[in-house]
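**Student:** Under numbering that gives the first Met the number 0, the letters of the sequence shown match residues 0 to 624, in that order. Backbone N, C-alpha and C define an ideal beta-carbon position, used for all residues, glycine too. Just so it is clear, the structure is predicted and the values come from calculations on it, not from any experiment. Got a structure here, written out as structure tokens. Questions coming.
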Amino acid sequence: MPANSAIRVTDLNFNQIKNNLKTFLRAKPEFTDYDFEGSALSNLLDLLAYNTYQQSIYVNMVGNEMFLDSAQIRNNVVARAKMLGYTPTSARGSQATIKVAITPSTNVTSVTVASNTLFTSQIDGIQYKFTTDRPYVLLQSQSYTSNTIVIKEGEPVNQKFTVDTSTAQRFVLDNPNVDTTSIKVRVQTSGANTAKVTRTEATNIVDVQANSQVYFVQENEDGKYELLFGDGILGKAVDDGNIIIVDYRVVNGSVTNGANNFVAPASIGGQSTFTVTVANSASIGANAESTSSIKFNAPKSFQRQNRAVIKNDYARTILAEAPDIEAVSVWGGEDNDPPIYGKVYIAAKPSGGNLLSDQRKAELVTLLQSKNVVTISPTFVDATYLYIVPSITVKYNVAATTLVAGQISDKVATAVVNFETASLTLFDKKFRESQFIADMVAADPSIVGTNITYRMMKRFTPNQNVTTSYSIAFNNGIHNPHPGHSGAVASTSFSFQGQTCFLDDDGYGTLRIYYLDSQNNRTYLNTSAGTVNYSSGLCIIQSVLITSSSTIEVSVKPDVNDINPTRNMLLLISKASIDVVNDSTGVIESSVSNVTTAGTTETITSETSSILSTGSTGGVTNLVY
């Protein structure tokens, strides 16, 4: 047989397979001059090629599904993750906190808000159920007023199984939208013996012994959740005739986040006269973990081995076990400014929000304390924002487009918004000037050039009528090419000594407060209002009495246009302005200011923290960083 008569197995395209079959047959003496296209044999070759092609796809798919990186079918991804000891997170119901004040109709010493007391909230015309997570007792000494009552979204469900050891029994929960954190398992001895033993979920098999009253949770091949019990070696087994009682909530995930209007039942604790106020809107609701997230998190979970030692362990633990968290930044106390040893600091940004509630912070601290080194204290801090203010000028070729200048500016504004969404908003996302310029130029084919200047801006709300020092940390260098180069610092207006005033700097590291006279000249009321560290980007306003309560914006020119976030800082774009210039005439044909982005309105009312301390000579120190 000729050397070239072997069938090539590397070509898996249908036409290639068919041609390879023809080549193989032509090498045979019987088919040397055979007309394959004009014969019935061509149909047989089509059939063989099709079958080969189909089988190759199937074999490739089977091979891909064997590995976590390449698997596409969720069941296979979950199975591969299970081999790494990873359980995908389920949907999470949102939760809100309310306060209840009750006026009893009779003289009683206490009123109890029972567990699973139903409240409802309507979002987009759809009604959702919220229930209390436990009983709350309102005492007479508290005037029958609760501090905070937690209500959690979801439909409470009770499901029972009777153990039958004669069959290969599985304990599968009926609904795939189970919030696995709400699962409570009790095992009853039998129908005749109603004694019940509570089982807890096993999260670390190292601690599980032969008689441990535990259960395990896993996602099955149908996307539902299945309970497993021990075998007498790893956890206590269930016996024939035992009744397994499971309570859980079926939830709707992230759709109920933001709910803040709750309808109470007709009576609470048997009392019909009461008031309900919302302390915190619903939050932390999340959808079940996606396939791509499982593929990312499972290896990371295996790496950290259910412990939190290095800072990456803390971030991976939170992202894997708290699906409501979008981004995390972690740094050790030794890297803090100033250093505070024995702590690890964590900033977390929730999905669809800005700040974590105190309750959620406490829950996450509890989660981490079960995994971290005893001597290390995890401490959560709020995210802060550094706003980038770009002034954009684009030149466009009128002959290269049918659009008018206003339409060009609209497309550039869209590019600004898209850049913020895609390239910023997370803790580790840097502002890259080259990418920003490229995106602006790419906004429309008629744009032939651009010129952009930038400022960095921080916002804070002053302590009205209280002498206060303010520490404003940009954490990026401030432009100061030589001593005496003034004008790096600017601010919006505020009230000081009865005047509408502003901030600037003298170029030598000193902040000043001035107002504009009738001739628009600067008149300085305080020529030593604070200091500027141009290299570190720290501005300190020292002991001033600001009598306005509106938010003040302080902006500086960056020393380098590539801007880096540090620690708990997030970057956003705010107040972008756009000028569209006719490249032929040099005339500005369209001007847009204050382009609407997330950063336009995204403000933490009081960007303060206890991490930094600069001291104050006459009042409270507010830290804006």
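First and last residue of the alpha helix (DSSP H) that includes residue 79?
**Tutor:** In the DSSP annotation of this structure, the continuous segment of the alpha helix (DSSP H) that includes residue 79 starts and ends at 73-82.
**Student:** So, are the CB atoms of residue 320 and residue 348 less than 8 Å apart?
**Tutor:** no
**Student:** Could you check if residue 288 is buried or exposed, using at least 16 other CB atoms within 10 Å of its CB as the buried criterion?
**Tutor:** buried
**Student:** Please report the distance separating the alpha-carbon of residue 453 from that of residue 405.
**Tutor:** 22 Å
**Student:** Under the three-state reduction of DSSP, which class applies to residue 627: helix, strand or coil?
**Tutor:** No statement about residue 627 is possible, as the shown extent of the chain runs from 0 to 624 and does not include it.
**Student:** Exposed or buried, which one is residue 389 when buried takes at least 16 other CB atoms within 10 Å?
**Tutor:** buried
**Student:** Within the same chain, show all residues whose beta-carbon is closer than 6 Å to that of residue 575, passing over the 5 residues directly before and after it, in chain order.
**Tutor:** 389, 415 and 594
**Student:** Assign residue 456 to one of two classes, buried (16 or more other C-beta atoms within 10 Å of its C-beta) or exposed (fewer than that).
**Tutor:** So residue 456 ends up on the buried side.
**Student:** Report all residues from its chain with a CB closer than 6 Å to the CB of residue 85; omit the five preceding and five following residues, and keep chain order.
**Tutor:** Contacts found: 297 and 300.
**Student:** In three-state terms, what does DSSP make of residue 169?
**Tutor:** Coil at residue 169, not helix or strand.
**Student:** Kindly indicate which three-state DSSP category residue 25 falls into: helix, strand or coil?
**Tutor:** helix
**Student:** Since residue 152 contacts residue 255 with CB under 8 Å, what's their CB separation in whole angstroms?
**Tutor:** 5 Å
**Student:** Opposite residue 137 in the DSSP bridges: which residues?
**Tutor:** 110
**Student:** Rounded to a whole number of angstroms, what is the C-alpha to C-alpha distance between residue 489 and residue 468?
**Tutor:** The alpha-carbon atoms of residue 489 and residue 468 are separated by roughly 17 Å.
**Student:** In this structure, how does DSSP classify residue 532 when only helix, strand and coil are distinguished?
**Tutor:** strand
**Student:** Starting from residue 48, trace the alpha helix (DSSP H) in both directions and tell me its first and last residue.
**Tutor:** 40-64
**Student:** Following the continuous alpha helix (DSSP H) through residue 146, name the residue where it begins and the one where it ends.
**Tutor:** Unbroken run through residue 146: none, as it is neither H nor E.
**Student:** Going by other Cβ atoms of all chains shown within 10 Å of its Cβ, with 16 needed for buried, is residue 398 buried or exposed?
**Tutor:** exposed
**Student:** Short of 6 Å in beta carbon distance, which residues of its chain neighbour residue 407, apart from the five on each side in sequence? Order them along the chain.
**Tutor:** 395, 443 and 579
**Student:** Under 6 Å Cβ to Cβ from residue 293, same chain only, skipping five residues before and after it: list those, please.
**Tutor:** 76, 80 and 87
**Student:** Grouping DSSP H, G and I as helix and E and B as strand, with all else coil, what is residue 608?
**Tutor:** Bear in mind that a pLDDT of 34 at residue 608, under 50, signals an unreliable position, so the number given afterwards is only what the model happens to contain. The answer is coil: DSSP assigns residue 608 none of H, G, I, E or B.
**Student:** Kindly identify the DSSP beta-bridge partner or partners of residue 589.
**Tutor:** 579
**Student:** Considering only their Cβ atoms, is the gap separating residue 458 from residue 596 smaller than 8 Å?
**Tutor:** no
**Student:** State the start and end residues of the unbroken alpha helix (DSSP H) segment that holds residue 407.
**Tutor:** 404-422
**Student:** Taking the CB atoms as reference points, tell me whether residue 342 and residue 375 lie closer together than 8 Å.
**Tutor:** Cβ distance < 8 Å, so residue 342 and residue 375 count as in contact.
**Student:** Are the CB atoms of residue 21 and residue 47 nearer to each other than 8 Å?
**Tutor:** no
**Student:** Please classify residue 146 as buried or exposed, where buried requires at least 16 neighbouring CB atoms within 10 angstroms.
**Tutor:** That one is exposed.
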